[in-house]
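Remarks on the structure that follows.
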Amino acid sequence: MADFHAPAAEALAAEYGARTLDADTVFEDDEIDAVLIASSTPTHADYLERAARAGKAVLCEKPIALDLARTVEALRVLESHPVTCALGFNRRHDPQFAALKRAVMEGRIGNLETLTIISRDPAPPPTEYIGASGGIFRDMTIHDFDMARWLLNEPIAEVHAEGSCLIDPGIGAAGDVDTAMVTLITNSGRLCHISNSRRACYGYDQRIEAFGSAGMLQAQNESDTRLRFTGEPGQVEGKPSGSFWNAMPRPIATRSTISSTPGNNNAPR
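FYI, in UniProt numbering the residues of the sequence shown are 1 to 269.
Here it is as structure tokens:
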């Protein structure tokens with residue numbers, strides 16, 4: 001366990017019976033086979049390259065870098081040092097989204113024509129986070145871009161995006177937006193609409209609708225409980241989970257890590 005803030009690394013290592021070491025040792029230690037990079041975004045590309053040159057499998061948090069040129073540099077290093085590598089796009093491992101993907105690939109809805117992705121967080125991040133995040137499109141919508149490309153299984157030809165600051169003026173003052181809508185158009189003309197918000201008062205809102213020539217598929221929100229009351233007034237059920245950690249099942253972290261280990265052929269594609 002390595003962390004710029006040593007006490008944090010020591011506390012986590014003590015909890016799980018691990019040892020702490022500095023970042024340089026991580027890449028030099030021959031006993032370490034794989035590296036999980038969850039450091040701040042500006043360090044991702046450098047650490048990714050060092051892991052590749054050291055021949056270690058790597059799971060790297062998104063994004064690789066905040067600009068295209070630096071991202072391409074890192075990808076070239078990966079190409080010249082072909083280690084097993086995965087990025088932290090955890091939603092491919094979500095059971096609902098994975099089931100939707102399988103159903104689309106199996107032709108359950110015929111030809112996929114349109115895709116609608118809704119992604120809203122329970123509350124905005126701290127204003128000081130915005131400056132280092134790269135903005136809503138690189139920090140938040142990036143997950144939805146990955147889902148769209150994964151589900152559509154076709155190159156994107158056009159992108160149209162609009163954003164506004166409707167929730168937190170501090171986000172606007174930091175040069176970002178907190179509400180955005182994006183339309184993607186594939187080479188064959190299929191459409192994808194993405195709706196983002198930094199705040200949803202009812203909880204973590206993550207839904208996908210796939211519409212095709214023979215039907216429709218919908219992946220709905222997870223709630224903290226699956227309890228539903230039905231009575232004379234009607235039906236009442238719990239709100240969506242209040243945070244990412246509650247909404248995403250714990251096995252996702254395990255599956256994400258396993259997918260980046262050498263010899264694994266079960267990673268979602």
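Don't be surprised by glycine CBs; every beta carbon is placed ideally from N, CA and C.
Just so we're clear, the structure is a prediction, and the values are computed from it rather than from any experiment.
Own chain, CB closer than 6 Å to Thr20, minus 5 neighbours either side, in chain order: Locating residue 20 in the sequence shown gives position 20, counting from the first residue. Correct list, in chain order: Met1, Ala9, Glu10 and Ala13.
Between the CA atoms of Thr41 and Pro7 - distance to the nearest angstrom: If you number the sequence shown from 1, residue 7 lands on position 7. If you number the sequence shown from 1, residue 41 lands on position 41. It is roughly 21 Å from the alpha-carbon of Pro7 to the alpha-carbon of Thr41.
Three CB pairs or more closer than 8 Å across the stretch 193–211 and the stretch 170–179: yes
Identity of the residue in Ile32, Asp24, Glu28 and Phe27 nearest Ala18 by Cα: Here residue 18 refers to the residue found at position 18 when the sequence shown is read from its first residue. Selected option, being the one with the closest Cα: Ile32.
Coarse secondary structure for Asp144, derived from DSSP in three states: For the purposes of this step, residue 144 is taken as residue 144 along the sequence shown, with counting starting at 1. Asp144 falls in the helix class under three-state DSSP.
Leu66 versus Ile37: straight-line alpha-carbon distance, rounded: In the sequence shown, counting from the first residue as 1, residue 66 sits at position 66. In the sequence shown, counting from the first residue as 1, residue 37 sits at position 37. C-alpha separation (whole angstroms): 16 Å.
First and last residue of the uninterrupted beta strand (DSSP E) at Gln197: Indexing the sequence shown from 1 puts residue 197 at position 197. For the sequence presented, residue 197 should be read as Ser rather than Gln. Segment Leu191 to Ser197, the beta strand (DSSP E) holding Ser197.
Top-ranked residue by Cα proximity to Arg76, from Cys192, Leu100, Leu166 and Arg50: By one-based count along the sequence shown, residue 76 stands at place 76. Arg76 has its Cα closest to that of Arg50, out of Cys192, Leu100, Leu166 and Arg50.
Nearest-angstrom beta carbon gap, Pro63 and Gly134 [assumed within contact, 8 Å]: As a working mapping, residue 134 is identified with position 134 in the sequence shown. As a working mapping, residue 63 is identified with position 63 in the sequence shown. Sure, about 7 Å apart at Cβ, within 8 Å.
Residue(s) in a DSSP beta bridge with Cys60: Along the sequence shown, read from residue 1 onward, the residue named residue 60 stands at position 60. Paired residues: Ile37 and Leu87.
Reference Ala45; option with closest CA among Ser223, Cys85, Ile194 and Glu28: Counted from its first residue, the sequence shown places residue 45 at position 45. Among Ser223, Cys85, Ile194 and Glu28, the Cα nearest to that of Ala45 belongs to Cys85.
Ser164, enclosing beta strand (DSSP E) - first and last residue: Translated into positions along the sequence shown, residue 164 becomes position 164. Ile156 to Ser164 is the extent of the beta strand (DSSP E) around Ser164.
Residue span of the beta strand (DSSP E) that contains Val177, given as start and end: Here residue 177 is taken as the residue at index 177 of the sequence shown, counted from 1. Where Val177 is concerned, there is no enclosing beta strand (DSSP E), given that its DSSP letter is neither H nor E.
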